[in-house]
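This report refers to the structure that appears directly beneath it.
Number of protein chains: 2
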Amino acid sequence: MTTSTPPITFDDVRDAATRLEGVAHRTPVLRSRTLDALVGAEVLLKCENFQRVGAFKFRGAYNAVSRLTPEQLARGVAAYSSGNHAQAVALAARELGTTAVIVMPEDAPRSKRAATEGYGAEIVTYDRYTEDRIAIGAALAAERGLALIPPYDHPHVMAGQGTAALELLEEVGELDALVVPVGGGGLIAGSATAAKALHPGIRVIGVEPEAGDDTRRSLAAGRRVEIPVPHTIADGQALHIPGELTFPVNLRLVDEIAPVSDDEIRDAMRFAFERLKIVVEPSGATPLAALLSGRTAPVAGRIGVIVSGGNVDAERFALLCGERRRNLRSGHG
Amino acid sequence: MTTSTPPITFDDVRDAATRLEGVAHRTPVLRSRTLDALVGAEVLLKCENFQRVGAFKFRGAYNAVSRLTPEQLARGVAAYSSGNHAQAVALAARELGTTAVIVMPEDAPRSKRAATEGYGAEIVTYDRYTEDRIAIGAALAAERGLALIPPYDHPHVMAGQGTAALELLEEVGELDALVVPVGGGGLIAGSATAAKALHPGIRVIGVEPEAGDDTRRSLAAGRRVEIPVPHTIADGQALHIPGELTFPVNLRLVDEIAPVSDDEIRDAMRFAFERLKIVVEPSGATPLAALLSGRTAPVAGRIGVIVSGGNVDAERFALLCGERRRNLRSGHG
């Protein structure tokens, strides 16, 4: 055990919140009587699926880009991502008057590519089977003098992402537990930093797809454990090792990691659709999945949930959720 | 032209709002930069898909049941509906301490039946091919002394439904236009009554599926015109003649009826899903469809939209919206 300075403090999250004011949406907190009855607790859903670019990623990207020097902003930013982070960096760059280059696989979904270009970013593609995106990103950044904005492993990104929990707690007051999806660990690191500073007794629960439980294993081992790249519908959480900077924060502040199966995620997405009337992407549905399937240790009282994103197109939703699970169907028959 | 007393006044809508306070949800008003850019106006979406029972119908049903005498409440209420009105009457009855009998076709979707029973209502089924639901409802009401709550053609129902527009206008202030789905005409009659009382210059635009344009034809003719029962995905608007009480109100207050095709409705549902991250049922998506497809006369400035409901299950959504329209797909290719 070491007692080094944590990479982020509560002040960093508060500073990020000030920078995001009037730029990021103050997303709504939804409640559902049905959900409360099923979970046996009061559940408060912080709906980052209504955030700009459809996910919490905008908070971290904007905070990080806003901290660059005028010289850095004059040269531009870069990121590698085929997901929500790409759009988040592209929009943050546009909002802050700079340019963005996004490195994406050639076969990225056309809708993601179009959305990123729609925010004015330049797309550089690579062949994901023969080329290394990290090397391409680094080479681009070096060649053009661009500032690379990582998706989670950066103090300003973590602090920005943590403003989701800060806003929730400011709006609803004290909570008994906070349930957060875990991918690279930036959202939960920032959220736990804010939550435990405000309410030291709050239980912070992360949720991972069970196929990609690198953070659960790592917390149990007390060190970063690498796993094979997981196969899961939760594409925002298909990571094989916790972040270098996020992990020590989470080792100190996260109380539990709950695993959920892809079927449980599908059921939670369908529940969100049919009962809550909101669109939630697979990764964003993992906390709901954990609560509805009883995959966390027993929780009671008031539970905050970060619904982290809603970027799933109608075709993919139809494939994932258009047919009810057989066991459920026969269960109701 | 006659100058008879209108069946409802603005005071009726205001009275209904008082009764609904703390019982109906004060639903959120959502905005979208993308939508504003596509429509070329500021669009404010009153999200009744987040209302209790998932649709505006609760407003009218609760207002009507709440006006019954103690004697009527002691005997109970009845309704015939396989849709949102069934759940609305069942929940209103439960909230007001009375009982509800709902007449539904034997082959009504199991989910609708289960939801209605979940609110404590008794279900009486009939064979829709051989029996007449109106006769069954009337016989039941007479036999058991039940008060029949109609889905739209009743002053208290219209006034209650109009509170959706009243709330919207209270929250966002003056609007240039208000766009409302038209089925039996209760929602638009109540909404137009409130809107024109507050802002006489507001343009009230109704939207119908083009296959079921009975109100458009009737307004053009100046009298109720009957059409064959329409085939449309907008099941909440598959009506063949305007209401007896709603029509004179709409003849006086509605400025335009825009027709939309089923394909335009599907596109609007998909837009709501992918861009707004909300679930909207076919009838609820018709105003969005009209705006996105340019089916209304040109509108500018600030436009209010009643998103009337979100009751579509994941399987039906997948069938309706899981595949992109061919012409759109090739258009983007």
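Chains as they are written, first to last, in our numbering: chain A, -5 to 327; chain B, -5 to 327.
For each residue, glycine too, the CB sits at the ideal point set by N, CA and C.
Residues of chain B whose Cβ lies closer than 8 Å to the Cβ of Val17 of chain A do not exist; the shortest such Cβ separation is about 13 Å. Taking 7 Å as the cut-off between beta carbons, the residues of the stretch 289 to 307 of chain A near chain B are Gly304 and Asp307, in sequence order.
Assignment of Ala115 of chain B by DSSP, reduced to helix, strand and coil, places it in the coil class. Restricting attention to B:Glu100, B:Lys40 and B:Gly156, the CA atom closest to the CA of Asp9 of chain B is found in B:Gly156.
Taking the beta carbon of Lys271 of chain B as reference, the chain A residues within 7 Å of it are Asn43, Phe44, Gly48, Ile272, Val273 and Gly304, listed in sequence order. For Pro22 of chain B, the nearest beta carbon of chain A is closer than 8 Å to its own beta carbon.
Taking 8 Å as the cut-off, the beta carbon of Val274 of chain A is found no closer than this to the beta carbon of Gly230 of chain A. A straight line joining the alpha-carbon of Ala283 of chain A with that of Arg217 of chain A spans about 27 Å. Taking 8 Å as the CB threshold, Glu317 of chain A lines the interface with chain B. Counting only runs of 4+ residues, the alpha helix (DSSP H) found wholly inside the stretch 162 to 223 of chain B occupies 180 to 192 and 208 to 215, in chain order. Annotation: the continuous beta strand (DSSP E) that includes Leu39 of chain B extends over Glu36 to Cys41.
Per DSSP, Glu250 of chain B lies in no alpha helix (DSSP H) segment; the continuous beta strand (DSSP E) that holds it begins and ends at Glu250 to Val254. Under DSSP, Val23 of chain B shares a beta bridge with B:Lys40. Segment contact: the stretch 60 to 75 of chain B against the stretch 36 to 47 of chain B, fewer than three CB-CB distances shorter than 8 Å; contact not assigned. For Gly131 of chain B, the enclosing alpha helix (DSSP H) covers residues Arg127 to Arg138.
In this structure, A:His148 is the residue among A:Lys40, A:His148, A:Ala109 and A:Met263 with its C-alpha nearest to the C-alpha of Arg61 of chain A. Residue pairing by DSSP places Met98 of chain B opposite B:Thr119 in a beta bridge.
Here Gly154 of chain A is near Gly54 of chain A, since their CB atoms are less than 8 Å apart. If you draw a straight line from the Cα of Leu245 of chain B to the Cα of Val254 of chain B, it comes to about 20 Å. Residues of chain A whose Cβ lies closer than 7 Å to the Cβ of Glu111 of chain B do not exist, since the nearest Cβ in that chain is about 13 Å away. Note on geometry: alpha-carbon atoms of Val173 of chain A and Ala312 of chain B lie some 29 Å from one another. Glu258 of chain B and Pro281 of chain B have their C-alpha atoms spaced approximately 10 Å apart. Residues of chain B whose Cβ lies closer than 8 Å to the Cβ of Ala82 of chain A do not exist, since the nearest Cβ in that chain is about 15 Å away. Residues are counted here when their Cβ sits less than 7 Å from a Cβ of chain B; for the stretch 247 to 270 of chain A these are Arg264, Phe267 and Glu268, given in chain order.
Apart from the 5 residues on each side of it in sequence, Thr290 of chain A sits with its Cβ closer than 6 Å to the Cβ of Ile199, Ala252 and Ala284 in its chain, given in chain order. Residue nearest to Ala102 of chain B within the set B:Cys41, B:Ala94, B:Thr119 and B:Tyr113 is B:Thr119 (criterion: CA-CA distance). Proximity of chain B to Glu309 of chain A at the Cβ level (cut-off 8 Å) is accounted for by Gly316, Glu317 and Arg318, in chain order. Around Asp170 of chain A, the same chain offers Gly295 and Arg296 as residues with beta carbons nearer than 6 Å, after the five sequence neighbours per side are excluded.
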